[in-house]
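Following the numbering used here, the numbering of the sequence shown begins with 16 at its first residue and continues without gaps. Glycine included, C-beta positions come from ideal geometry on N, C-alpha and C. Here the structure is a predicted model, which means the values were calculated and not measured. Remarks on the structure that follows.
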Amino acid sequence: MNQILRQHAEQSFAEELDALKQSDNRQRPPNWAMSPWAVATYLLGGRLDNGFEVSPKYIGSRRLIETAIATLTTDRALLLFGVPGTAKSWVSEHLAAAVCGDSTLLIQGTAGTSEEQLRYGWNYAELLSKGPSTQALVQSPLMRAMEQGKIARVEELTRIPADVQDTLITLLSEKSLPVPELGTEVQAVRGFNAIATANNRDKGINELSSALKRRFNTVVLPLPSSADEEVAIVSKRVAELGRALDLPAEPPALKEVQRVVRIFRELRNGQTEDGKTKLKAPSATLSTAEAISVINNGVALAAHFGDGVMRAGDIASSLIGAIVKDPVQDALVWREYQETVIKERGDWKDLYRACRDHD
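As structure tokens, then:
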């Protein structure tokens, strides 16, 4: 497993999951690997009675996570909704890993997602030679989740065409999946549920029908509420990625992480941190995930083309690339921010020079 670039959550955090299961004496819903309290502790972190430390996977509102977990104990599916980079997929994966020990029952939603990918398909060689049979049936991740009493995940639900989305209505309400070709059906085992994610910033998305919306309880994951919270998230994920990728560099200085987060937050909010200067907002979302990417790329540059210590010059190009998505509109926004904000901050002269060198 050491050669796997990115392990599934249940593999990466197997020690924590085992420790939680062993110390968990609270009531567990049917077919759950642990209690809702233990799932929340796994997501949010905490110290167990035996002194074992569980690392936080999500830094944010406890009540939002508790609401998401409580939803999965009911007959309603969970929809994680929000702007890009608010850890919707991350939370979805870790919820599935904690609830059923399997985060791999996944359907990636795209404009080309078909009804067969949500329900079931056929092995056409078997179908032509022997006709419809259970051997010819190709189960979808949703069907397998129903049979095994596990959590199915649907990523980017609103990217799936509306008529295909509605395939989920009967499945989520009746908890059964008819297979008319075989004159049978698959009935969901207790423990089955679904977690979907949706991005509210996508252009040209397919709006969910009112009937489908009623099958979900929606939890909106917000951007980090404070700069300190966002800095903590970025620092933690960069450290984890650095270990996973074996980057031969020092962890990034807190100052550099704080500067990137501050730039992102000010441009997102349309004003400087002190509220004294109004700013134009770029077209980019400038999410926490993008801040992580900027810092991580800076660490890689310092590791392979520098002395292993990340400096302003190592983050400048990635910073500009994250902000300037539109070469005309965003370039003007960024240039104005450089001249009116970065240039005027006495301890940011190195970043100003580095960014000017990349213009």
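Sub-8 Å separation of Val201 and Met158 beta-carbons: Their beta carbons are under 8 Å apart, which means Val201 touches Met158 by this criterion.
Thinking C-alpha only, which one of Leu260, Asp261, Val309 and Pro263 is nearest Val246? Out of Leu260, Asp261, Val309 and Pro263, Val309 has the C-alpha closest to the C-alpha of Val246.
To which residues of the same chain is Ser397 closer than 6 Å at the C-beta, ignoring the five residues directly before and after it? Residue 397 is absent from the model: the chain starts at 16 and stops at 374.
What first and last residue would you give for the beta strand (DSSP E) that runs through Tyr135? Its beta strand (DSSP E) spans residues Tyr135 to Trp137.
Return helix, strand or coil for Thr212, following the three-state DSSP convention. DSSP places Thr212 in strand when its eight states are reduced to three.
Among the candidates Ser302, Ile210 and Leu269, whose CA atom is the shortest distance from the CA of Arg216? Answer by Cα proximity: Ser302.
Under 7 Å Cβ to Cβ from Arg368, same chain only, skipping five residues before and after it: list those, please. Excluding sequence neighbours, Arg368 sits near nothing in its chain.
Just the C-alpha distance for Ala83 and Leu110, rounded to the nearest angstrom, thanks. Approximately 9 Å between the Cα atoms of the pair.
Apart from the five residues on each side of it in sequence, which residues of its chain come closer than 6 Å, Cβ to Cβ, to Gly116? Glu25 and Ala48.
Determine the DSSP secondary structure at Pro263, reduced to helix, strand or coil. Correct three-state label for Pro263: coil.
Rounded C-alpha distance that separates Ile330 from Ile74: Rounded to whole angstroms, Ile330 to Ile74 spans 24 Å at the Cα level.
Near Trp363, which residues of its chain fall below 6 Å by C-beta distance, leaving aside the five closest residues on each side in sequence? Cβ contact annotation for Trp363 (same chain, cutoff 6 Å, sequence separation greater than five): Ile357, in chain order.
Smallest Cα separation from Leu95: which of Thr88, Arg350 and Glu108? For the residues Thr88, Arg350 and Glu108, the minimum Cα distance to Leu95 belongs to Glu108.
Close Cβ partners of Leu334 (< 8 Å) along its chain, the five nearest in sequence each way excluded: Correct list, in chain order: Val275, Ile278, Val309 and Cys370.
Compare the C-alpha of Leu79 against each of Val314, Asp365, Thr233 and Glu170 and name the closest. When C-alpha distances from Leu79 are compared across Val314, Asp365, Thr233 and Glu170, the shortest belongs to Thr233.
Tell whether a beta-carbon distance below 8 Å holds between Thr355 and Val98. In this structure, Val98 does not lie closer than 8 Å to Thr355 by Cβ.
Mind the definition here: the segment 227 to 241 touches the segment 179 to 191 only if three or more C-beta pairs lie below 8 Å; say whether that holds. A contact exists between the segment 227 to 241 and the segment 179 to 191.
What are the boundary residues of the beta strand (DSSP E) that Gln123 is part of? It spans Leu121 to Gln123 - the beta strand (DSSP E) in which Gln123 sits, taken as one unbroken run.
Alpha-carbon to alpha-carbon, Asn208 and Arg91: The alpha-carbon atoms of Arg91 and Asn208 are separated by roughly 8 Å.
Take Ala264 and list the residues in its own chain whose beta-carbon comes closer than 6 Å to its own, dropping the five residues that flank it on each side. So the list reads Val314, Ala317, Ala318 and Gly323, once near-sequence residues are dropped.
Segment limits, beta strand (DSSP E) that includes Thr199: Here the beta strand (DSSP E) through Thr199 covers Thr199 to Gln202.
Neighbourhood of Gly361 by C-beta, 6 Å cutoff - its chain only, sequence neighbours within 5 removed: Closer than 6 Å at Cβ, skipping near neighbours: no residue.
Tell me the start and end of each unbroken alpha helix (DSSP H) in the segment 150 to 206 that is at least 4 residues and wholly inside, in chain order. Taking 4 residues as the shortest admissible run, the segment 150 to 206 contains the following complete alpha helix (DSSP H) segments, listed from N- to C-terminal end: 156 to 163, 177 to 180 and 182 to 189.
Can you look up Arg368 in the DSSP assignment and give me helix, strand or coil? The DSSP-derived three-state label of Arg368 is helix.
Could you name the residues of the same chain whose beta carbon sits closer than 7 Å to that of Ala102, not counting the 5 residues immediately before and after it, in chain order? Excluding sequence neighbours, Ala102 sits near Tyr73 and Leu236.
At 4 residues or longer, and completely inside the segment 46 to 101: list those alpha helix (DSSP H) runs for me, N to C. If only uninterrupted alpha helix (DSSP H) runs of at least 4 residues are considered, those enclosed by the segment 46 to 101 are 51 to 59 and 77 to 87.
With DSSP as the reference, please indicate the residues paired to Thr233 in a beta bridge. Thr233 has Leu94 as its beta-bridge partners, per DSSP.
Beta-bridge pairing of Lys293 - partner residues as DSSP gives them: For Lys293, which the question treats as bridged, DSSP gives the partners Gln286.
Span separating the alpha-carbon of Glu359 from that of Lys295: About 17 Å.
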